[in-house]
Amino acid sequence: MFLDIIRRYKSEFSLILTVAFCLISMFSQAKVLSDAAKSGTRVLDFFTGTLTAIGSDITSLVDSYRSYDALKLERDALRYEIKEMKNLRLKIAQLDAENSELRNQLGLTLPEDYPYLQAEIISQDPDNWFRTIIINKGSEDGVEPHMPVIAIQAEKSTETEEKNGSQISNVKLVQGVIGKIVQVNKKSARILPIVDQYSRLGVKVKKTAYWALLIGRNPYKEKPLLEYLSLSCLLRPGDEIVTSGGDGIFPKGLPIGLVDNFIERGANYQKAEIRPLIDMQRLDYVFVIQKKPETEKLEFEPLGADTIKSP
Amino acid sequence: MIIDKIVIAAAVIISYFIQASVEFFKLGEIKPDFLLILTVFFGIFRGDFTGLWIGFFGGLLQDMNIGGLDVYEGGKAQYFLGIHALPKTIIGYITGKLAKGINKDSNFIIFIIILSLSLLKGFLIFFLVAIFHGNIAAKALFTIALPEAIYNAVIGIFWFRMLKWAIPHIDIEVKQF
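If you're matching them up, the sequences are chains U and C in order. Position in the first sequence counted from 1, then plus 88, gives you my numbering. Position in the second sequence counted from 1, then plus 8, gives you my numbering.
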């Protein structure tokens with residue numbers, strides 16, 4: 089009887105079920121469901137990893153039964169490979185030095201205090217309403233939550249020559265902050281872009297060193313907003329905004345963007361729209377700076393008569 | 009029919025992949041919603057039941073791709089499950105109900121259906137974002153929802169033909185449940 093009713097109204101039952109699921113997950117902010125979704129990914133990763141490990145074990149078992157001659161051949165091959173690897177290491181060191189030199193010449197110096205990792209973007213913006221970026225490097229490659237992510241991009245500019253009025257196209261490379269890692273799986277990681285409405289970033293105006301907060305606004309607006317900037321700072325369109333380093337996540341002085349035309353002076357602070365240096369729509373590769381967040385607590389004693397001791 | 013379900017699952021996954029990873033179809037800052045087109049396609053040819061479930065699972069895949077809320081402890085990202093799944097489920101259901109008795113081969117009808125349902129999706133997402141997600145400006149309806157709807161409708165005409173070519177047995181009614 090009950091089954092007959094379900095069969096007859098299966099679409100309506102399905103609709104109620106799915107709509108209820110969506111509403112409950114949104115009302116409850118989907119904490120439990122999010123964990124379940126993440127666990128699902130972990131389970132898949134676990135099975136993939138296990139199958140790979142079993143495959144390697146079988147291969148090594150078969151290898152151990154090989155004849156002595158085969159082992160000898162393998163040893164010779166490995167010796168040759170070691171020699172090749174040594175040469176390769178030398179070559180890598182040379183290329184690394186050359187790469188640093190070229191970067192210096194172009195003015196694109198990645199932070200040298202921290203190692204960095206190049207990653208490819210494997211998924212971006214599944215919908216027009218949200219900005220989300222997923223890269224192909226994960227915990228196995230040393231990526232951890234809160235690691236800063238930057239990118240280098242070619243920017244085309246057209247200049248008109250004064251003498252004959254002809255236009256010349258220039259291509260220059262720009263470097264800028266993309267966001268930070270917020271979720272890490274074994275072989276992938278998710279970036280929270282600076283334009284996202286949940287992004288908060290400690291920044292400063294490069295020319296005056298005044299500190300402020302950069303707040304992402306997507307999907308409300310594409311350009312992030314510079315907030316809590318002191319009225320003493322004379323802000324002009326085109327001023328460069330860099331990381332302050334005060335949030336403990338981003339290294340100091342990484343370029344972020346330029347002040348756009350919208351500048352508003354309030355009663356206590358001023359705010360401005362920032363045009364990110366990197367066009368998020370044209371991203372292919374990014375660099376993950378392998379810097380761990382400085383979360384050390386500042387355990388100062390409260391100021392008082394006893395705090396300040398005489399020498 | 010297991011093969012039928014495999015075909016549907018493959019269509020959802022391929023559409024999701026095209027949606028999330030292929031930038032070829034991007035026009036300015038707008039890209040078409042292939043999962044919505046797929047939902048409408050199955051809603052029209054297979055009815056409300058198939059349409060709503062495809063919409064639901066397709067939307068869930070998109071929701072799982074959107075993390076963002078940064079929880080400092082443990083560096084977890086919060087998923088917003090439902091923000092795409094709910095509109096697409098409703099669209100799948102409505103399409104199935106609307107599709108009875110329409111000329112499924114008419115490009116004009118396909119265009120109008122996708123256009124109106126894409127606009128409905130835009131409105132639903134707008135309100136869901138406003139209620140559950142945070143700030144959003146009404147301007148987004150004109151800068152995101154409207155261009156996306158028009159683009160979906162144009163691409164939809166070609167995509168429908170391609171899907172019909174890829175899934176030739178789509179017209180055959182399948183007894184479900």
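Just so you know, even glycine gets a beta-carbon here, dropped at the ideal spot from N, CA and C.
When the cut-off is 9 Å and only beta carbons count, does residue i lie next to chain U?
| i | result |
| --- | --- |
| residue 10 of chain C | no |
| residue 97 of chain C | yes |
| residue 189 of chain C | An answer regarding residue 189 of chain C cannot be provided, because it is not within the stretch 9 to 185 covered by chain C. |
| residue 29 of chain C | yes |
| residue 41 of chain C | yes |
| residue 18 of chain C | no |
| residue 49 of chain C | no |
| residue 163 of chain C | no |
| residue 128 of chain C | no |
| residue 60 of chain C | yes |
| residue 148 of chain C | yes |
| residue 38 of chain C | yes |
| residue 34 of chain C | yes |
| residue 82 of chain C | Because the pLDDT of residue 82 of chain C is 47, which lies under 50, any placement of that residue in the model is unreliable, and the question is left without a value. |
Rounded to whole angstroms, what's the CA-CA distance from residue i to residue j? Just pull it up for me.
| i | j | result |
| --- | --- | --- |
| residue 95 of chain C | residue 298 of chain U | 45 Å |
| residue 92 of chain U | residue 368 of chain U | 53 Å |
| residue 9 of chain C | residue 16 of chain C | 11 Å |
| residue 264 of chain U | residue 273 of chain U | 25 Å |
| residue 177 of chain C | residue 270 of chain U | 44 Å |
| residue 330 of chain U | residue 345 of chain U | 7 Å |
| residue 109 of chain C | residue 99 of chain C | 18 Å |
| residue 62 of chain C | residue 224 of chain U | 28 Å |
| residue 432 of chain U | residue 203 of chain U | Beyond the ends of chain U as shown, which are 89 and 399, falls residue 432 of chain U; an answer cannot be given. |
| residue 64 of chain C | residue 323 of chain U | 48 Å |
| residue 153 of chain C | residue 129 of chain C | 8 Å |
| residue 47 of chain C | residue 167 of chain C | 12 Å |
| residue 88 of chain C | residue 94 of chain U | 30 Å |
| residue 188 of chain C | residue 18 of chain C | In the structure as shown, chain C begins at 9 and stops at 185. Residue 188 of chain C is therefore absent and cannot be evaluated. |
| residue 215 of chain U | residue 381 of chain U | 31 Å |
| residue 328 of chain U | residue 173 of chain C | 53 Å |
| residue 305 of chain U | residue 315 of chain U | 12 Å |
| residue 313 of chain U | residue 294 of chain U | 16 Å |
| residue 33 of chain C | residue 42 of chain C | 10 Å |
| residue 113 of chain C | residue 164 of chain C | 13 Å |
| residue 73 of chain C | residue 354 of chain U | 38 Å |
| residue 365 of chain U | residue 103 of chain U | 45 Å |
| residue 222 of chain U | residue 279 of chain U | 6 Å |
| residue 188 of chain U | residue 343 of chain U | 18 Å |
| residue 45 of chain C | residue 147 of chain C | 24 Å |
So which residues on chain U does residue i lean against when the C-beta distance must stay under 7 Å?
| i | result |
| --- | --- |
| residue 56 of chain C | 99 |
| residue 64 of chain C | 106 |
| residue 140 of chain C | 114 |
Is there a C-beta anywhere in chain C that falls below 9 Å from the one on residue i?
| i | result |
| --- | --- |
| residue 89 of chain U | no |
| residue 295 of chain U | no |
| residue 302 of chain U | no |
| residue 173 of chain U | no |
| residue 375 of chain U | no |
| residue 379 of chain U | no |
| residue 213 of chain U | yes |
| residue 350 of chain U | no |
| residue 135 of chain U | In this prediction, residue 135 of chain U has a pLDDT of 44, which is less than 50 and means its spatial position is unreliable; what the coordinates show is noted afterwards. No, because no Cβ of chain C sits closer than 9 Å to the Cβ of residue 135 of chain U. |
| residue 369 of chain U | yes |
Please list, in chain order, the chain C residues whose beta carbon lies closer than 7 Å to that of residue i.
| i | result |
| --- | --- |
| residue 217 of chain U | 133, 137, 152 |
| residue 102 of chain U | 57, 60, 61 |
Quick one: list the residues of chain C neighbouring residue i, beta-carbon separation under 8 Å, in chain order.
| i | result |
| --- | --- |
| residue 292 of chain U | The contacting residues do not exist; residue 292 of chain U stays about 21 Å from chain C at best. |
| residue 309 of chain U | 145 |
| residue 210 of chain U | 29 |
Using a C-beta to C-beta distance shorter than 9 Å, which residues of chain U count as neighbours of residue i?
| i | result |
| --- | --- |
| residue 167 of chain C | Ordered by position in chain U, no residue passes the 9 Å Cβ test against residue 167 of chain C, which lies about 17 Å from the chain. |
Along chain C, in chain order, which residues have C-beta atoms closer than 9 Å to that of residue i?
| i | result |
| --- | --- |
| residue 111 of chain U | 90, 94 |
Please list, in chain order, the chain U residues whose beta carbon lies closer than 8 Å to that of residue i.
| i | result |
| --- | --- |
| residue 175 of chain C | Near residue 175 of chain C there are no residues of chain U at all, since even the closest Cβ is about 21 Å away, more than 8 Å. |
| task | Kindly confirm or deny that the stretch 235-242 of chain U and the stretch 50-68 of chain C touch, where touching means at least three C-beta pairs closer than 8 Å. | result | Taking 8 Å as the limit for Cβ pairs, the verdict is that the stretch 50-68 of chain C does not touch the stretch 235-242 of chain U.
| alpha helix (DSSP H) runs contained entirely in the stretch 78-162 of chain C, provided each spans 4 or more residues | Runs of the alpha helix (DSSP H) lying entirely within the stretch 78-162 of chain C, each at least 4 residues long, are 93-106, 115-136 in chain order.
| Is the stretch 331-339 of chain U touching the stretch 354-373 of chain U in the sense that three or more CB pairs, one from each, lie closer than 8 Å? | Contact check between the stretch 354-373 of chain U and the stretch 331-339 of chain U: fewer than three CB pairs, one atom from each, fall below 8 Å, which does not count as touching.
| query | Are at least three pairs of beta-carbons, each pair with one atom in the stretch 119-126 of chain C and one in the stretch 63-70 of chain C, less than 8 Å apart? | reply | The stretch 119-126 of chain C vs the stretch 63-70 of chain C: no contact.
| message | Whether or not the stretch 369-378 of chain U and the stretch 206-213 of chain U are in contact is what I'm after, with contact meaning three or more pairs of Cβ atoms, one per stretch, closer than 8 Å; do they touch? | response | Segments in contact, yes.
| Along the chain, which unbroken stretches of the beta strand (DSSP E) at least 3 residues long are found entirely within the stretch 264-300 of chain U? | If you keep only unbroken beta strand (DSSP E) runs of at least 3 residues inside the stretch 264-300 of chain U, you get 277-281, 288-293.
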